[in-house]
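J.: Numbering (full-length UniProt numbering), first residue to last: 1 to 247.
In this text, a Cβ means the ideal position worked out from N, Cα and C, and glycines have one as well.
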Amino acid sequence: MNLTLKIWRQKDANTQGKIVDYPISEVSPDMSFLEMLDVLNEQLISKGEEPVEFDHDCREGICGTCSLQINGEPHGPDRGVTTCQLHMRMFKDGDTIFIEPFRANAFPVIKDLIVDRSSFDRIQQAGGFISVNTSGNTIDANSIPVNKHDADKSFDAATCIGCGACVAACKNASAMLFTSAKVSQFALLPQGQVEATDRVMNMVRQMDLEGFGNCTNTGACEIECPKGISLENIARMNREYLKASTK
Ligand code: SF4
Ligand code: FES
1 MNLTLKIWRQ KDANTQGKIV DYPISEVSPD MSFLEMLDVL NEQLISKGEE
51 PVEFDHDCRE GICGTCSLQI NGEPHGPDRG VTTCQLHMRM FKDGDTIFIE
101 PFRANAFPVI KDLIVDRSSF DRIQQAGGFI SVNTSGNTID ANSIPVNKHD
151 ADKSFDAATC IGCGACVAAC KNASAMLFTS AKVSQFALLP QGQVEATDRV
201 MNMVRQMDLE GFGNCTNTGA CEIECPKGIS LENIARMNRE YLKASTK
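1. If I'm right that K92 touches M1 with Cβ under 8 Å, what's the distance once you round it to whole angstroms?
2. Do the CB positions of C84 and G61 come within less than 8 Å of each other?
3. Can T159 be considered in contact with ligand 2, in the sense that its beta carbon sits closer than 7 Å to one or more heavy atoms?
4. What are the partner residues of G98, as DSSP defines its beta bridges?
5. Work out the CA separation of G94 and R117 for me, nearest whole Å.
6. State the beta-bridge partners of I70 as determined by DSSP.
7. Cutting at 7 Å between CB atoms, please list the residues of its own chain near N228, excluding the five before and the five after it.
8. Would you list the one or two residues that DSSP bridges to S32?
9. Mind checking who P23 pairs with in its DSSP beta bridge?
10. Any heavy atom of ligand 2 closer than 7 Å to the beta-carbon of I62?
11. Can at least three beta-carbon pairs, one atom from the stretch 102 to 115 and one from the stretch 170 to 180, be found at a separation below 8 Å?
12. Taking only three categories from DSSP, how would you classify I161?
13. Enumerate in chain order the residues of its own chain whose CB-to-CB distance from K247 is below 6 Å, with the five nearest sequence positions on each side excluded.
14. Identify which residue in F212, L189, D21, C163 has its Cα closest to the Cα of P145.
15. Please list, in chain order, all residues of the same chain as L37 whose beta carbon is under 7 Å from its beta carbon, the five residues on each side excluded.
16. In the DSSP assignment, find the beta strand (DSSP E) that holds I223 and state where it starts and stops.
17. Which residue wins for smallest C-alpha separation from D121, given the options R103, C163, Q16, R59?
18. Count Cβ pairs between the stretch 24 to 44 and the stretch 123 to 138 that sit closer than 8 Å; are there 3 or more?
19. In the DSSP assignment, the alpha helix (DSSP H) including K182 goes from what residue to what residue?
20. Going by DSSP, which residues form a beta bridge with residue 276?
21. Between C221, E195, V27, which lies nearest to H87 when the distance is taken from Cα to Cα?
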């Protein structure tokens, strides 16, 4: 396939960025999207030009590092996949592809297609954990019965990889889907009850402090989420928040 790539180039956080055109040829439909960018970068390096900076790590949909807005959609046109799992067979010969970083005030651009998502880390640090004594007195997790329905729902919430596509998809740049997944995975388990009140209050407070917008129930986040995190987690977080605020 021969393609035209229109890629956001930005030197650093303080420099104005712009879209730059890059024609690329002989792209195999079997390449992943990131492999296609690798080929482009090899060509740029061989011409003495600066390669395009983009985030990646596992390249198998686990780490949540890859984060590209492709033709206006976080992680591109496929469903249930991250950018690293997107294949060039989703495009056709002659296509023009716009490639931009995830856009949100709370995700400032570091360079080109790389954004700073440490705001997510700070939300996690505010309460996305349970405190367990690991000094040798730990209770075996399996000794606390959890009903299957709750265990499954908790596991579903725990599959959130913190990629930020939900924020990039949202017209309000809301982080409610991410935060609610991190609240829900513990809210559904007995082990999560001890710190439940502090957890939801502190995580929501941090989310607001980071400058994420509000949820207006549009649902774009759920559609673009590569892990299929459900909007019902947002409803659960709202219930947890209401419960915690009345204590
Ligand atoms: S909820 Fe989905 S889109 Fe948002 S960070 Fe988690 S995995 Fe990514
Ligand atoms: S590089 Fe790890 S999820 Fe894409």
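T.: In this structure, then:
1. That belief holds up - the Cβ atoms of K92 and M1 are roughly 7 Å apart, short of 8 Å.
2. yes
3. Result no, Cβ not under 7 Å from ligand 2.
4. Here residue 98 is Phe; the residue named in the question, Gly, does not match the sequence. Beta-bridge pairing links F98 to K6.
5. Each residue's alpha carbon lies about 33 Å from the other.
6. Under DSSP, I70 shares a beta bridge with E73, I99.
7. Reading off the sequence shown, one finds Gly at residue 228, where the question assumed Asn. Correct list, in chain order: G80.
8. H87
9. Beta-bridge pairing by DSSP links P23 to T4.
10. yes
11. yes
12. In the structure shown, I161 sits in coil (DSSP, three-state: anything other than H, G, I, E or B).
13. T197
14. L189
15. V52, F54
16. Where I223 is concerned, there is no enclosing beta strand (DSSP E), although the alpha helix (DSSP H) it sits in stretches over 220 to 224.
17. C163
18. no
19. For K182, the uninterrupted alpha helix (DSSP H) run begins and ends at 176 to 187, by DSSP.
20. With the chain running from 1 to 247 in the structure shown, residue 276 is simply not present.
21. V27
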